[in-house]
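Those protein sequence lines, which keep their order, are chains P and L. In this text, residue positions in the first sequence follow the numbering used here: the first is 219, and each later residue adds one. In this text, residue positions in the second sequence follow the numbering used here: the first is 8, and each later residue adds one. Glycine residues also receive a C-beta, built at the ideal position from the N, C-alpha and C atoms. Inspection log for the structure reproduced underneath, given as structure tokens.
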Amino acid sequence: MSSELEIIDAFIDGQRVDGGAIKRALADPEGRAYLVDAWLLREAIQEDETRASYAVSRPIARSAKPAPRWLVAAAITGSLLGGYATGRITGRPAPLAVAPPATTVVAQPSQAFPVPAATRVIQLEFHASTTTGGD
Amino acid sequence: MFSSLLFAGVLLQVQTGGGAVTPTAPAKPPADFVVLVSAPVYQPDGAITAETIALPQAGAGLVHLFARRSLCNPAVAGAAEPADALFGWRVASQIVNRTEREVVVSIDWRRLWDDGRKVANGPGATVQLTLHAGDRIPLDHITNSKPRQDCRAVGLGLEVRLAQADTSAPARTALLPLGATPGGAKSVDAELWLLHTLPSDIQQVVHQTVRLPIEGGRFAFAPTAVTTARGDVSVELSGSIDRYRAPTGDEFLLLSLTRRVKGAGLPPEGIAGTTGSVVPLPPPNDVLSFEMPAIARARGGGAGGGGARGGGGVVAAGPPDPARGAAAGGGSGGVTQSARGGGRGGGGLAVAGAAQVAALLEGHQFSLRLRIVPVPTN
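The structure is reproduced here in structure tokens:
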């Protein structure tokens, strides 16, 4: 690991670092990317420890050596792939939007049954089409 | 963080559907299919009384199908839950896709009432159905565990049907009064009962309500299965009600019907017949019964010959069918029957088809009852 990344690690850990050194480290795009990765990783570890609800509080463990960048990237990628695979296996198909009643439906307040008696009768007669398929 | 990323991954996968079909807007105007949800009551003797409601042609819909007082009183309601349901379901729908051959619809149904109690965890499911003309998909069935004197039904079902509306029925505007113009005064509802009386005198009834804006509306019934000596056939009835106003201000309805019979060796597209009638707008206490005997005649008898028959009106008033409980007061006003002589030739094939249909449906009586009611204000 380069000395620039170690400076960034020290900065994240709250150690006293040289201002000029950290500026130079962060001027490098690689350094900035490392800062973000390392910060996210640290945050995740803290979240997990908080959720564990330990009865005894303990200081946040700090590794003697910062995690290499490839390990951070691998962890993120692995998490995303694992989540995707889990979702594919266990996830139900996306439910279709069936809830919104955005339609006009006819209410039926009156009684449909028994069938009301006819008051008038009209005799109809079907006329076959000249083709079998219909008119 | 890892758990967050894991969750994000799961969410990503589920939201992309895992290969499921996502709803898409129909690329072309909807076909003539109508998705119907039906609540049929099955009687021990084979009689059926079914309440139906058509789902929206596109987009989402929400309806309730239920039974009041007993299993034998099916009814439907819109998005608002009915207050007097004994048994019933909530059905949410989403038309996913339409083609010329099929309709894909997502149905989310759940039984909400059971024996008068609102149930939180009743049976239900979300299903995606690919429906073809004539399909009948049962979703649920409630057995009548306590048959009573006034309701001996076997049970109440929940079904999805696909009906096909014919658009080819000719408009018989010549039957309208002179000077009549399209359009009625205000929206009304048309209650329609399709009655099928079997040769055994057992009756199957399907009811639906159709909103009629001032220009009118269309309707379609799910195919009716008819068992004949030559095999099973299906009878599909669809139609339209167009509204007109005469110069006097009186309103008239032009009822057009298409009947298509399929199966039993008939051509794959079936044999279609059309008819129609013009009636004055009936008051809400009037119930019109359009009787449709099986016997049909071909329009146009010969090579360019004159009408096979004239267009004389047939009017019958008063109690029409006492055997089916249709005692009623006499109606008023004349009703013109639709049949008119045609001038079209080449009817040989149609004559043969009509004869086939007449033979197949012999002994089966179909009629359509119509009641016009005001639009509910709730």
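Own chain partners of residue i with C-beta closer than 6 Å, once the 5 adjacent residues on each side are dropped
| i | result |
| --- | --- |
| Val-111(L) | Val-103, Asn-104, Thr-137 |
| Gly-223(L) | Ile-248, Asp-249, Arg-250 |
| Gly-123(L) | Leu-93 |
| Arg-267(L) | Glu-243, Gly-277, Ala-279 |
| Cys-79(L) | Val-48, Cys-158, Ala-160 |
| Ala-99(L) | Leu-69, Asp-115 |
| Ala-253(L) | Pro-184, Ala-187 |
| Leu-62(L) | Val-42, Gly-68, Ser-100 |
Span separating the alpha-carbon of residue i from that of residue j
| i | j | result |
| --- | --- | --- |
| Arg-179(L) | Gly-283(L) | 7 Å |
| Gly-256(L) | Phe-373(L) | 33 Å |
| Pro-89(L) | Arg-143(L) | 26 Å |
| Thr-337(P) | Leu-295(L) | 6 Å |
| Lys-125(L) | Phe-331(P) | 23 Å |
| Thr-235(L) | Ala-362(L) | 15 Å |
| Ala-87(L) | Gly-68(L) | 12 Å |
| His-148(L) | Pro-275(L) | 32 Å |
| Leu-163(L) | Pro-206(L) | 24 Å |
| Thr-231(L) | Ala-140(L) | 12 Å |
| Glu-109(L) | Thr-59(L) | 20 Å |
| Gly-349(L) | Gln-156(L) | Its pLDDT being 36, under 50, Gly-349(L) is placed unreliably in this model, and the value from its coordinates should be taken loosely. Roughly 52 Å separates the two Cα atoms. |
| Phe-201(L) | Lys-193(L) | It should be noted that the sequence gives Leu, not Phe, for residue 201(L). For Leu-201(L) and Lys-193(L), the distance between alpha carbons rounds to 25 Å. |
| Ile-55(L) | Val-213(L) | 8 Å |
| Gln-64(L) | Ile-221(L) | 19 Å |
| Ser-263(L) | Val-364(L) | 19 Å |
| Gln-50(L) | Val-285(L) | 35 Å |
Helix, strand or coil at residue i according to DSSP, with G and I counted as helix
| i | result |
| --- | --- |
| Asp-52(L) | coil |
| Pro-287(L) | strand |
| Arg-157(L) | Per the sequence presented here, residue 157(L) reads as Asp, with Arg not at that position. Note: Asp-157(L) maps to coil in three-state DSSP. |
| Ser-221(P) | helix |
| Glu-243(L) | strand |
| Ala-132(L) | strand |
| Arg-287(P) | helix |
| Lys-241(P) | helix |
| Glu-258(L) | strand |
| Ala-86(L) | coil |
| Gly-311(L) | Note on Gly-311(L): pLDDT 34, under 50, position unreliable in the model; the coordinate value appears next. In this structure, Gly-311(L) counts as coil in the three-state DSSP scheme. |
| Gly-191(L) | coil |
| Gln-64(L) | coil |
| Gly-209(L) | What sits at residue 209(L) in the sequence shown is Ile, not Gly. It is coil, neither helix nor strand. |
Pair within 8 Å by beta-carbon distance, residue i and residue j
| i | j | result |
| --- | --- | --- |
| Gly-246(L) | Phe-226(L) | yes |
| Trp-120(L) | Phe-73(L) | yes |
| Val-233(L) | Leu-368(L) | yes |
| Glu-222(P) | Gly-249(P) | yes |
| Glu-298(L) | Val-333(P) | no |
| Thr-204(L) | Phe-344(P) | no |
Residue i classed as buried or exposed, judged by whether at least 16 other C-beta atoms fall within 10 angstroms
| i | result |
| --- | --- |
| Ala-279(L) | buried |
| Asn-128(L) | exposed |
| Thr-384(L) | exposed |
| Pro-210(L) | Checking the displayed sequence, the identity of residue 210(L) turns out to be Gln instead of Pro. It is buried - the Cβ of Gln-210(L) has at least 16 other Cβ atoms within 10 Å. |
| Pro-47(L) | buried |
| Gly-272(L) | exposed |
| Leu-182(L) | buried |
| Leu-169(L) | buried |
| Pro-247(P) | exposed |
| Gly-360(L) | buried |
Sequence-distant residues of its chain with Cβ nearer than 7 Å to residue i (five each side left out)
| i | result |
| --- | --- |
| Gly-270(L) | Gly-238, Asp-239, Val-240, Ser-241 |
| Ala-172(L) | Asp-39, Val-41, Arg-225, Ala-227, Ser-245 |
| Phe-229(P) | Val-235, Ile-240 |
| Pro-145(L) | Gly-164, Glu-166 |
Contacting residues, own chain, Cβ-Cβ under 8 Å from residue i (five flanking each side not counted)
| i | result |
| --- | --- |
| Ile-379(L) | Val-195, Asp-196, Ala-197, Glu-198, Leu-219, Leu-260, Leu-288, Pro-289, Pro-290, Pro-291, Asp-293 |
| Pro-381(L) | Val-195, Asp-196, Pro-291 |
| Ala-291(P) | Asp-255 |
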